[in-house]
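Q: Numbering-wise, the first sequence is residues 5 to 584 according to our numbering. Here it is, the structure, as C-alpha cells.
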Amino acid sequence: MKEKVKEKVKSAVIDAFGVEPPQFKVEKPKDENLGDLATNVAFLLAKNLRKNPADIAGELAQLLSRDPDFEKVSAVRGFVNFTFSRDFLLQELKDLLLRGQEYYREDVGKGKRVQLEFVSANPTGPLHLGHGRGAVVGDALARIMSFFGFDITREYYINDAGRQVYMLGVSIFYRYLQLLNKEKEYPDIEKLFEEEGYKGEYVVELAKELKEAVGDALLEDVRIAFEKLTEHPFPFSKNYLGKFDPTKGDKVELCSLFGLDAMIWEIKKDLEDMGIEFDVWFSERSLYEQGLVEKMIQTLSEKGLTYEKDGALWLKTSDFGDDKDRVLRKSDGSYTYFASDIAYHWNKFQRGFEKVIDLWGADHYGYIPRVKASLKMLGISEDWLEVYLIQIVKLFKGGEEVKMSKRAGNFVTLRELMEEVGSDAVRFVFLTKRSDTPLDFNVDLVKEKSSENPVFYVQYAHARISGVFREFRERFSKDPEKEDLIPYLKNLKEEAEFKLIKKVLMFKDELVDVAVKRDPHLITYALIDLAGTFHSYYNHHRVIGSEEGIMLGRLALLKAVRECLRVGLKLIGVSAPEKM
RNA sequence: GGGCCCGUAGCUCAGACGGAUAGAGCAGGGGAUUUCUAAUCCCCAGGUCGGAGGUUCGAGUCCUCCCGGGCCCGCCA
C-alpha cells in the first residue's frame, strides 16, 4: 500500500512542480484519525521550491484528491494525509481473496544470492537459550527474505577445529575414566579437565555411551576401541569417527571425534524439533584441509599486509579501521580462530554470494571491525557483510531469575525450554524484542495460557475464525472454502470492518519492512495488532446469524484475516491452530 | 582506562536516516456473557521520554557533558 501511494505522490509532484521529488517517506500518521497513510514530501520540497510546506502540501492534496482510490486527501500542517476509498479497499481485498498468500508476496529481493549464517554454536555442548534465540531470529529472517524473492542459503558453521574440540575429547575421556575409577592414573588429563574441561552433565552422558560401546577397551588399545566404536550402532552417522587414523590417533582424539559426531547430531535434532533446517553445514576443518587458510595468508602476505613479530604472524587490520593489529598464526605455529574466520568469509565470497548476513552472539561484538578490515584487505566491499548481534536470554521462573553459568555446567538448554513451553511459545517470545537487546523469558507467563500471553492471543484469533467456519459448515452444510464469497464483499459497510480490512492489507508493508530492515521482531507486533483488531470486531459483530448477504460478506473478510494470520505465523514458524 | 549499547507509564517494552497531541500489553479501577470459543471485548486512570546544555522552524530521535545499568577490549574459542 505504501508503494502505491508513493508512486502516486511522485507523479503528483512531477505534475505540480515539474521536479523529481527527493527521498520522502510514506508512513502511518501518528493519529489514525488523520488518515491511513501520510507523507512528509512537502517538508523536503520546501527548500528547493522556496515555498512553505503547508502550501506545497495543499497543492498536492488538491491534485491527489481527484484520484478515486482516495476518499480523502488532506493537507495538515505540511503533511499530506491519505484516506483510502472503500471501493479501492474492497478491490484490494478481492485481490487478496483471489490470490491467497500470494497477495503478500513481492519480488523485493530480485533473486539476489544471500547467505545467512546463524547459530554456528560450538559442537562442544548442547544449544542453550542464546543459541535458540539466534536460531529463531535467523530462521524467521530466512523465511521472510525467501518469501520476498531473495535466494537464501542457510548455513551453520561448525567449529570443529582447534583447542575446544580437543578439550571436548579430554572431558569425555576424563568422565569415561571416572566411570571406570581410573582417573587417578591419568593425572595430566585430570588436571586439564579441572582447569578447562566441560563440566556439564551431558559429557557424563557421552562418556556412558562411549563406555557402553567400547567397554574398557579404550584403556588398553586405541585400535580396538576404534573398531568397537565403528561397529557400534549409534543413532548418529560417524562422519568424524570415520576420519580417525588408528595408526596415529590417540585416545583423546578418538574421544573428540566421537564427541563431535554425537554433539552435532544432538544439535541438529534440537533444531529440527524447532522446525529449523540448514542448507549447508560448513566445517571449519575443511578450510584447513583444503588449504584455504594458508592460501588466504599467502594472498594477504603478498599484498604486504602481514608481518612477523614475537614469533607470531600479524595482520595489519589497524590500517583498515580496526583499533589494533591481530594475530593470524600464533608463535606455537597454530592458527587463531580469527584466521579461519577470514578464510571462511573469503570462501563465502568465492562461492558467489552477493550479500552475506551473519548472526553472532553479542559477545562477538569486538570481532566486527577486524573481520570487516580483513575483508577489505581481500578487496571485498564493507557492506557485503552484514552482522547482527543476538543478545542473551534470561530465564525467569516463579518470579526469580534462573541463573546460568556455563563454567559450572549449569544452564538451561534450548531443549529443556522447548519441552517445557513448546516450540510455538519459544519462537514467538524470542521474537518479541529486537534481537540485539537482552530478553527476559518468563516461563510461568508463557505456560499460563492466559490473555497475558501474546502467543495465545494471536493463535486464538486464528482458532476463532476457524470456529466460525466450522459453525457455518455445520449449519448450512456448505463448504465455505469452496463458496465464491467475493460478490458479497459489497455488503461490508461497518466502520470496524474497514478498520480490519486496512490492517489486513497494510500487513504487507510490515512484512516488507522486516525483509528490508532485517528485523523479524516487527512481525509479532503486527500480528498482535491484527489479532487485537479482529478480536474487537468479533466481539461487536456477528457473522453467523446475520442476514445472509452480510454473513457471506463477513465470512469473506474473515477468510482474508485468516490468510493474513497464516502468512504472518508461517513466516515466524509458529503454528496456526484450528482449535484451542 | 578506551570503545559500544541501553535508560520512554507502577512493570515489560514499541516508536529513532528530526516531523503532527509520545504508543501498546500487563498490573490497578469500572463495565460487557440468551454467543460463531470470555484464552475475548469496551471504558477510565497513568509520562519533566535518566539529567543539563546545544543545533533546528521543529528533538524521545542529532551533538556535547553528566548520572545510572550492561557488554566488549587475549598469540581464548
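All residues carry an ideal CB built from backbone N, CA and C; glycine is no exception. These figures come from a predicted structure and were not determined experimentally.
(1) Assess, as a yes-or-no matter, whether the segment 457 to 472 is touched by the segment 513 to 524 under the definition of 3 or more beta carbon pairs within less than 8 Å.
(2) In or out: N85 buried (at least 16 other Cβ within 10 Å) or exposed?
(3) What first and last residue would you give for the beta strand (DSSP E) that runs through F445?
(4) Three-state secondary structure (DSSP) at F28?
(5) Only counting the same chain, and skipping five residues up and downstream in sequence, which positions put a Cβ closer than 7 Å to that of I396?
(6) Secondary structure at D283, three-state DSSP: helix, strand or coil?
(7) Mark Q119 as exposed unless 16 or more other C-beta atoms lie within 10 angstroms of its C-beta, in which case mark it buried.
(8) Compare the Cα-Cα distances from K401 to each of F445, Y202 and Y341 and report the closest residue.
(9) Closer than 8 Å is the cut-off here; do at least three beta carbon pairs connect the segment 159 to 176 with the segment 110 to 130?
(10) Can you tell me whether DSSP reads A42 as helix, strand or coil?
(11) Name the one or two DSSP bridge partners that V13 has.
(12) What are the start and end residues of each continuous beta strand (DSSP E) run of 3 or more residues lying completely inside the segment 318 to 368, in chain order?
(13) Might you give, ordered along the chain, the residues of its own chain that have their beta carbon closer than 7 Å to the beta carbon of A488, omitting 5 neighbours on each side?
(14) Under 8 Å by Cβ, that's how I've got L93 and I505 pegged, so tell me the actual separation to the nearest angstrom.
(15) Can you list, in chain order, the residues of its chain with a C-beta nearer than 7 Å to that of A530? Leave out the 5 residues immediately preceding and following it.
(16) Tell me whether N185, by its Cβ, gets closer than 7 Å to a heavy atom of the ligand ATP.
(17) State the DSSP-derived secondary structure class of D274, mapped to helix, strand or coil.
(18) For F342, which residues in the same chain have their Cβ closer than 6 Å to its Cβ, ignoring the five residues on either side in sequence?
(19) Have a look at H544 and I554 and give me their C-alpha separation to the nearest angstrom.
(20) Please report the distance separating the alpha-carbon of A221 from that of T251.
(21) Short of 7 Å in beta carbon distance, which residues of its chain neighbour F74, apart from the five on each side in sequence? Order them along the chain.
(22) For R411, count the other beta carbons within 10 Å of its own beta carbon; 16 or more makes it buried, fewer makes it exposed. Which is it?
(23) Give the straight-line distance between the Cα atoms of D71 and V13, rounded to the nearest whole angstrom.
(24) Give a yes or no on contact between the segment 266 to 283 and the segment 320 to 338, applying the rule of three or more CB pairs nearer than 8 Å.
(25) Label T537 either buried or exposed according to how many other C-beta atoms from any shown protein chain fall within 10 Å of its C-beta, with 16 as the threshold for buried.
(26) Just to check my reading of the structure: H539 and A467 have Cβ atoms closer than 8 Å, yes? What is that Cβ distance to the nearest angstrom?
(27) Assuming E552 is part of the beta strand (DSSP E), what are its boundary residues?
(28) Just checking my contact of V375 with D345 at CB under 8 Å: how many whole Å lie between their CB atoms?
(29) Would you kindly work out how many angstroms separate the C-alpha atoms of E200 and V208, rounded to a whole number?
(30) Going by C-alpha distance, which of Q105, Y180 and E96 is nearest K574?
A: In terms of the structure at hand:
(1) In short, these stretches do not touch, since the Cβ pair count stays below three.
(2) N85 sits buried, since 16 or more C-beta atoms from the chains shown fall within 10 Å of its C-beta.
(3) Following the DSSP letters along the chain, one finds F445 inside the beta strand (DSSP E) bounded by residues L443 to N446.
(4) Correct three-state label for F28: coil.
(5) Cβ neighbours of I396 within its own chain (closer than 7 Å, five residues either side excluded): G134, A366 and P442.
(6) D283: coil per DSSP, three-state reduction.
(7) With 16 or more Cβ atoms within 10 Å of its Cβ, Q119 is classed as buried.
(8) Minimum Cα distance to K401 is reached at F445.
(9) Under the 8 Å Cβ criterion, the segment 159 to 176 counts as touching the segment 110 to 130, having at least three qualifying pairs.
(10) Looking at A42 - three-state DSSP - the assignment turns out to be strand.
(11) None; V13 has no bridge partner.
(12) As far as the segment 318 to 368 is concerned, its whole beta strand (DSSP E) runs of at least 3 residues are 330 to 333 and 359 to 365.
(13) According to the sequence displayed, residue 488 carries Asp and not Ala. Non-local C-beta neighbours of D488 in its own chain, meaning closer than 7 Å and more than five positions away in sequence, are absent.
(14) 5 Å between Cβ atoms; contact.
(15) Setting aside the 5 residues that flank it on each side, A530 is surrounded in the same chain by F511, E514 and G572, each with a C-beta closer than 7 Å to its C-beta; the list follows chain order.
(16) Among the components of this structure there are no ligands whatsoever, and the ligand ATP is therefore not found.
(17) In the three-state reduction of the DSSP assignment, D274 falls in the helix class.
(18) Excluding sequence neighbours, F342 sits near R330.
(19) Rounded to whole angstroms, H544 to I554 spans 14 Å at the Cα level.
(20) If you draw a straight line from the Cα of A221 to the Cα of T251, it is about 16 Å long.
(21) Same-chain partners within the cutoff: L68, F86, T87, F88 and S89.
(22) The predicted position of R411 is uncertain, since its pLDDT is 48 and thus under 50; no value can be drawn from it.
(23) Those two C-alpha atoms are separated by around 11 Å.
(24) These segments do not touch.
(25) Counting Cβ neighbours within 10 Å, T537 comes out buried, since at least 16 surround it.
(26) 12 Å between Cβ atoms; not a contact.
(27) In this chain, E552 is not harboured by any beta strand (DSSP E); it is covered by the alpha helix (DSSP H) spanning E552 to L575.
(28) Separation of the CB atoms of V375 and D345 is rounded to 6 Å, and the pair is thereby assigned contact status at 8 Å.
(29) The C-alpha of E200 lies about 16 Å from the C-alpha of V208.
(30) Comparing alpha carbon positions, the residue from Q105, Y180 and E96 closest to K574 is Q105.
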